[in-house]
Each structure stands twice: as C-alpha cells, then as structure tokens.
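For reference, the structure is listed below as structure tokens.
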Amino acid sequence: MQIGVIGAGKWGSALAFAMSEKNDVLISSRTPRELKNFVSMDEILKCEYLIITVPAQQVALWLEQNFKFTNQKVLVASKGIEASSGKFLNEIYAKYIPDTNIAFLSGPSFAVEVQSSLPTAVVVNSTNKELAQKFASFFPSFMKAYISDDVTGAEIAGAYKNVIAIAAGICDGLKLGNNAAASLISRGLVEMHRFGRVYGAKEETFIGLSGAGDLFLTASSTMSRNFRVGQGIAKGLSQDEILEELGEVAEGIGTTYALYQIAKERDLYLPIAREVYEMLEGKSPIESLKDLLKT
Numbered sequence: 001m002q003i004g005v006i007g008a009g010k011w012g013s014a015l016a017f018a019m020s021e022k023n024d025v026l027i028s029s030r031t032p033r034e035l036k037n038f039v040s041m042d043e044i045l046k047c048e049y050l051i052i053t054v055p056a057q058q059v060a061l062w063l064e065q066n067f068k069f070t071n072q073k074v075l076v077a078s079k080g081i082e083a084s085s086g087k088f089l090n091e092i093y094a095k096y097i098p099d100t101n102i103a104f105l106s107g108p109s110f111a112v113e114v115q116s117s118l119p120t121a122v123v124v125n126s127t128n129k130e131l132a133q134k135f136a137s138f139f140p141s142f143m144k145a146y147i148s149d150d151v152t153g154a155e156i157a158g159a160y161k162n163v164i165a166i167a168a169g170i171c172d173g174l175k176l177g178n179n180a181a182a183s184l185i186s187r188g189l190v191e192m193h194r195f196g197r198v199y200g201a202k203e204e205t206f207i208g209l210s211g212a213g214d215l216f217l218t219a220s221s222t223m224s225r226n227f228r229v230g231q232g233i234a235k236g237l238s239q240d241e242i243l244e245e246l247g248e249v250a251e252g253i254g255t256t257y258a259l260y261q262i263a264k265e266r267d268l269y270l271p272i273a274r275e276v277y278e279m280l281e282g283k284s285p286i287e288s289l290k291d292l293l294k295t
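Going letter by letter, the sequence shown gives residues 1 to 295 in my numbering.
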C-alpha cells in the first residue's frame, strides 16, 4: 500500500519510517527536505491514504492553502486544540474531509523511540470502523494498533495531556519530589476526564492508552517537549526563551490558552490548566503551587 506522510519533522519522519515496514511511503512538508522518497505537496496529495502531522496551531491555514479533497483517507497524527478558536482538530478537519474518510491517532509514542523500532501501542480513532481497521493494519510489527470510535475523547486526551505535562515539568524543575509528581499527574487525569465528560467523551478513553497511557509518558520524561517547557518555566524563563531553547513546537502552550478560554466561556473547573496559563503569563510557580494546594 502506498501512504503519504505530510510533515517531515521528527514525528512525521518517525511515522514514515514505521509505516515503511509494510508499505511504500512517500513524505512531504511545507519546506523542501533532502529526504528519501520526499516529493512535492501536489504529488503527495494524490495518495489515497495520507497521514498528516501538521501542528494544531498551523493546520487550519495549511488546509485552507493546500488541501483539496479527492476522496483521500486521512489519519491525523497531531494533537492539540486551536488557541485562536478553541476548536478541536476533528472540528477543523470537518470543513475539508467527511467523517467517513478521517481517523485520529492517539496513545504513547515518542518519535525517537518509534524511529528506533521500540515497542508501543497506539489507538486509531474513527467513526468509520472499517477505515480505523485499515489504518491499524498499516502499522509495523513493533506498534500494536487498537481501534476506537471515541474521536472526541481521543482528541481531548491527546491535547489535554500536553498541558498536564507542562505542569509536571514545572514540578520536576522545582524539585518537588515523586509524591508531588504522582499527585499532580493523577489529579491531571481526573481533570482531563472531567473536561471530556462535558463533550460526551467515553470514560474508558481516559483510563486507556489515549488518556492515561499518553499522559504517563508525556508527563514523566524529558523527551517530552511540553515537559521541558515546564522545566523552563520553573527556571524563570520567558515563553520566547523557552521556545528558542526548545527549537520545536510545543502543542501544550496553545492548548493551555484554548482551555483557559473555554473554561471562562463555559464556567468549567480546570484548576491545573488555569494555573499553567497563569504561569505562562508570568505568575510565580511557587504562588501557583500554593493556589493549587488550596483548591
């Protein structure tokens, strides 16, 4: 099967590598790269099966400028909530691709470990069961792919865990200890689930690979970009300084701003997301810690 991967960063390249075990894989990005099987955007959009890794804060513009639907089947492999609109990725893509032709990838999957063929398990989420099964069949022997129809739950879990990972990085940077980290992550899982219930997400999504699995990974390792954002906040660095040091996109920042706005508009109780927002805006991490312990 020929598959086109759009996005040639670390995650897109890792997925292209993984999918090449069973499939003929092409790759493209907005910026030309010297990569094996790299083709133009026009050419890759002719593929029947596409995996898109364009970041959440950029994908709406990318779709508007580049995407033309010709009955392609799409697996979205990025996670986040658009800060400017509060839209989930499935809502953004719905303008261009019908539900029957789209699926969303979730679960614990650091790019560097995928690129090294280390084992993991992921979930392909779609309201079209046949499409989910088809995409699941493309994954390599070292990646066990399950399927689910809870697109909303997977979207929320995949986006929200990045915010909790920022908080966990702050916890680590402040050297608050393992008890604090475990308390924060477990409380974060409850907060994610509470938010998901508002949108009709399924409980099992949050205690499975898409929720707890991805959260435990992202909120406990310096391989996580969002975790490193939190460490930067703990050092007293500004957003600009953190992103310059990081040199990569950290989806949790945009998602934090989106969650803060959604919580205000819908009067939702999201204490960790609120404090992460406040710290991104300059609040002292020590003050945020005190306020979290009061709530």
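Glycine included, C-beta positions come from ideal geometry on N, C-alpha and C. No experiment lies behind these values; they were computed from the predicted model shown.
*Determine, using beta-carbon pairs with one atom in the stretch 108 to 127 and one in the stretch 287 to 294, whether at least three such pairs fall under 8 Å.*
no
*Identify every run of the alpha helix (DSSP H) within the stretch 185 to 251, keeping only runs that are complete inside it and at least 4 residues long; order them along the chain.*
203 to 207, 214 to 218, 225 to 234 and 239 to 246
*Do you know offhand how far threonine 338's Cα is from glycine 107's?*
Nothing about residue 338 can be read from this structure; the chain reaches only from 1 to 295.
*Once you ignore the five residues that flank tyrosine 260 on each side, which residues in its own chain have a CB closer than 7 Å to its CB?*
Ala273, Arg274 and Tyr277
*Neighbourhood of serine 109 by C-beta distance below 7 Å, restricted to the same chain and skipping five residues each side*: Thr120 and Val122
*Below 8 Å, can you find three or more Cβ-Cβ pairs linking the stretch 204 to 222 to the stretch 177 to 190?*
yes
*Are the beta-carbon atoms of threonine 53 and glycine 7 separated by less than 8 Å?*
yes
*Helix, strand or coil for tyrosine 146, going by three-state DSSP, please let me know.*
strand
*Give the secondary structure of aspartate 296 by DSSP, where H, G and I count as helix, E and B as strand, and everything else as coil.*
The requested residue 296 is not part of the displayed model; the chain covers only 1 to 295.
*Quick one: is glutamate 203 buried, meaning 16 or more other Cβ sit within 10 Å of its Cβ, or exposed?*
exposed
*Counting only runs of 4+ residues fully inside the stretch 102 to 129, write out the alpha helix (DSSP H) ranges in chain order.*
111 to 115
*Output the boundary residues of the alpha helix (DSSP H) element that contains glutamine 315.*
Past the edges of the chain, shown from 1 to 295, lies residue 315, and the structure says nothing about it.
*asked:* Just verifying my parser: in three-state terms, what is the DSSP assignment at phenylalanine 17?
replied: helix
_Alpha carbons only, please: which of Ile233, Asp172 and Gly158 is nearest the one belonging to phenylalanine 206?_
Gly158
*Exposed or buried, what is lysine 73 when buried is set at 16 or more other beta-carbons lying within 10 Å of its beta-carbon?*
buried
*Looking only at its own chain, which residues have a Cβ that is under 6 Å from the Cβ of asparagine 250, when we skip the five neighbours before and after it?*
Contrary to the premise, residue 250 reads as alanine rather than asparagine in this sequence. Hits under 6 Å: Arg225, Asn226 and Val229.
*Report the rounded CA-to-CA distance for glycine 327 versus leucine 118, giving the unit in angstroms.*
Within the shown structure, residues of the chain are numbered from 1 to 295, placing residue 327 beyond reach of any answer.
*Under the criterion of a Cβ to heavy atom distance below 7 Å, does proline 271 qualify as lining the ligand FMN?*
Although the ligand FMN was asked about, the structure shown includes no ligands whatsoever.
_Could you tell me the alpha carbon to alpha carbon distance between alanine 132 and leucine 105, rounded to whole angstroms?_
10 Å
*Using alpha carbons as the reference points, say which of Tyr257, Glu245, Leu174 and Ile242 lies closest to glutamate 287.*
Leu174
_Pick from Lys144, Thr31, Lys235 and Thr100 that is closest to asparagine 128, judged by C-alpha positions_ = Thr100
*With distances taken between CB atoms, is the gap from glycine 196 to glycine 153 smaller than 8 Å?*
yes
*Just mark lysine 68 as buried or exposed, buried being the case when its beta carbon has 16 or more other beta carbons within 10 Å.*
exposed
*Since I believe isoleucine 170 is in contact with proline 285 (beta carbons under 8 Å), could you give me their beta-carbon distance rounded to a whole number of angstroms?*
5 Å
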